[in-house]
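Asker: Position in the sequence shown (from 1) plus 511 gives the number in full-length UniProt numbering. One structure follows; several queries about it will come next.
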Amino acid sequence: AKAEGRGAFRMFEPAMAERMQARNRMETDLRRALAAGEFELHFQPLVDVQSGEVTAAEALVRWRHPEQGLISPADFIPLAEETGLIVPLGEWVLRTACTQAASWPQEIKVAVNLSPVQVRDDRLPETVAAILREIGLEPGRLELEITEGVLLDGEERTLAMLTRLRAIGVGLAMDDFGTGYSSLSYLRRFPFSKIKIDRSFVCLLPDDAESAAIVRAIITMGAGLGMATTVEGVENAEQYAFVAAEHCGQVQGYHVSRPLPGPAFLGFLSGMEAA
Ligand code: C2E
Ligand code: CA
Ligand code: CA
Ligand code: CA
512 AKAEGRGAFR MFEPAMAERM QARNRMETDL RRALAAGEFE LHFQPLVDVQ SGEVTAAEAL
572 VRWRHPEQGL ISPADFIPLA EETGLIVPLG EWVLRTACTQ AASWPQEIKV AVNLSPVQVR
632 DDRLPETVAA ILREIGLEPG RLELEITEGV LLDGEERTLA MLTRLRAIGV GLAMDDFGTG
692 YSSLSYLRRF PFSKIKIDRS FVCLLPDDAE SAAIVRAIIT MGAGLGMATT VEGVENAEQY
752 AFVAAEHCGQ VQGYHVSRPL PGPAFLGFLS GMEAA
């Protein structure tokens with residue numbers, strides 16, 4: 512078995528070396544891209560189901576690569592996290608999102624995704640506060656989206672960090688709610704102001720009875736805890752009607768709009784862009 516194992520290892524060696532090289536090339540490329548300003552933000556509106564108005568937008572990063580075109584975050588965020596480049600990239604995202612939000616004609620919120628790696632960085636609250644001050648954006652207009660991954664780090668540490676962030680006056684949303692192991696206990700322990708119900712519970716709506724029961728229960732629970740609820744991944748009118756009838760707070764998804772580049776988002780806000 513031992514010999515077999517070694518043989519198998521040798522067989523995989525070239526593939527592993529190839530993967531390592533590709534990873535190193537991409538890391539170098541990521542560093543270059545950050546310096547060259549190749550990242551951009553797209554904004555996806557969140558609509559309040561009561562008023563039908565846009566009340567917030569989520570900033571979603573993209574990499575406009577000179578040769579490969581637009582690269583989605585799923586393809587570079589993991590490596591940015593592994594290499595620590597997510598810290599400067601995340602700071603760029605925060606600053607850019609807040610700068611854009613300050614220029615929007617309506618005082619809607621901007622939501623920014625934080626990687627667990629950023630939340631582990633002790634300087635994060637100072638960075639956030641400094642950016643808000645520098646730009647002159649009211650803290651209440653920024654909402655930070657955090658997934659459960661962040662909470663695996665140690666509860667005391669995470670609680671201290673999230674408490675410091677909340678003290679600045681920014682909102683804290685629990686992203687992809689329901690996909691982790693301990694969503695419920697985390698909701699009670701940590702100072703979240705919003706729940707974002709993960710798309711995986713929405714995609715089978717309205718016909719799937721289990722999805723319907725889960726979404727209904729999360730919305731009710733959010734209301735009971737005094738938290739706003741956003742349903743993400745709403746792709747059609749039937750899904751929108753279902754979650755609106757359940758009195759969720761906000762809806763986000765392709766049915767309202769795809770994420771839009773800055774100028775197109777402004778167009779959407781002024782009603783020039785079709786939904
Ligand atoms: P997320 O935070 O859950 O963001 C929502 C994702 O769902 C976005 O994908 C969005 O384009 C997509 N989406 C929105 N509405 C719909 C819909 O109706 N149907 C479907 N099928 N998809 C929808 P995107 O932009 O590719 O981002 C993927 C993930 O990358 C995000 O998931 C987030 O975890 C991460 N990400 C994006 N921007 C940043 C960033 O600036 N920093 C960090 N750390 N992560 C980011
Ligand atoms: Ca998010
Ligand atoms: Ca999400
Ligand atoms: Ca998600």
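Even for Gly, the Cβ is constructed at its ideal location relative to N, Cα and C. Fair warning: this is a prediction, and the values are worked out from it, not measured in the lab.
Closer than 8 angstroms is the cut-off here; do at least three beta carbon pairs connect the region 670-679 with the region 693-702?
Answerer: Remark: three or more beta-carbon pairs, one from each stretch, lie closer than 8 angstroms, so the region 670-679 and the region 693-702 are flagged as touching.
Asker: Is it the case that the CB of residue 686 approaches a heavy atom of ligand 3 more closely than 7 angstroms?
Answerer: For this step, residue 686 is matched to residue 175 along the sequence shown. The answer is yes for residue 686.
Asker: How is the alpha helix (DSSP H) around residue 726 delimited, first residue to last?
Answerer: Position 215 of the sequence shown, counted from the first residue, corresponds to residue 726. Residue 726 -> alpha helix (DSSP H) spans 720-735.
Asker: Please state whether DSSP places residue 664 in a helix, a strand or coil.
Answerer: As a first step, residue 664 is located in the sequence shown; it is residue number 153 there, counting from the start. Three-state DSSP puts residue 664 in a helix.
Asker: Per DSSP, what kind of secondary structure is residue 598 in: helix, strand or coil?
Answerer: Here residue 598 refers to the residue found at position 87 of the sequence shown. Three-state result, residue 598: helix.
Asker: Residue 576: which of 555, 549, 566 sits nearest, CA to CA?
Answerer: Within the sequence shown, the letter at position 65 stands for residue 576. The candidate whose alpha carbon is nearest that of residue 576 is 549.
Asker: Determine whether the beta carbon atoms of residue 613 and residue 646 lie at a separation below 8 angstroms.
Answerer: Against the sequence shown, residue 613 aligns to sequence position 102. Against the sequence shown, residue 646 aligns to sequence position 135. Residue 613 is a Cβ neighbour of residue 646, given a cutoff of 8 angstroms.
Asker: Could you spell out where the alpha helix (DSSP H) holding residue 636 opens and where it closes?
Answerer: The residue labelled residue 636 in the question sits at position 125 within the sequence shown. Looking at the DSSP string, the run of the alpha helix (DSSP H) that includes residue 636 is 635-646.
Asker: Could you check where the alpha helix (DSSP H) with residue 763 kicks off and where it finishes?
Answerer: As a first step, residue 763 must be located in the sequence shown, where it is residue number 252. Here residue 763 belongs to no alpha helix (DSSP H), and DSSP marks it neither H nor E.
Asker: Put residue 586 into one of helix, strand or coil per three-state DSSP.
Answerer: For the purposes of this step, residue 586 is taken as the residue at position 75 of the sequence shown. If DSSP states are grouped into helix, strand and coil, residue 586 belongs with the helices.
Asker: Measuring CA to CA, which of 714, 656, 604 is closest to residue 740?
Answerer: Stepping through the sequence shown from its first residue, residue 740 is reached at position 229. With distances taken between Cα atoms, residue 740 lies closest to 656.
Asker: Ligand 3 heavy atoms versus the CB of residue 586: any closer than 7 angstroms?
Answerer: Position 75 of the sequence shown, counted from the first residue, corresponds to residue 586. Residue 586 Cβ: outside cutoff for every heavy atom of ligand 3.
Asker: Please name the residue or residues paired with residue 656 in a DSSP beta bridge.
Answerer: Working through the sequence shown from its first residue, we reach residue 656 at position 145. Residue 656 is bridged to 624, 684.
Asker: Kindly confirm or deny that the region 744-753 and the region 765-774 touch, where touching means at least three C-beta pairs closer than 8 angstroms.
Answerer: For the pair of segments examined, the region 744-753 was found to touch the region 765-774: the number of CB pairs separated by less than 8 angstroms reaches three.
Asker: Count the other C-beta atoms from every protein chain shown that fall within 10 angstroms of the C-beta of residue 570, then say buried if there are 16 or more, exposed otherwise.
Answerer: Locating residue 570 in the sequence shown gives position 59, where the first residue counts as 1. Its Cβ being crowded by 16 or more others within 10 Å, residue 570 is buried.
Asker: With a threshold of 6 angstroms on Cβ separation, who are the neighbours of residue 687 within its own chain once the five nearest residues in sequence on each side are excluded?
Answerer: Looking up residue 687 in the sequence shown gives position 176. Correct list, in chain order: 658, 709.
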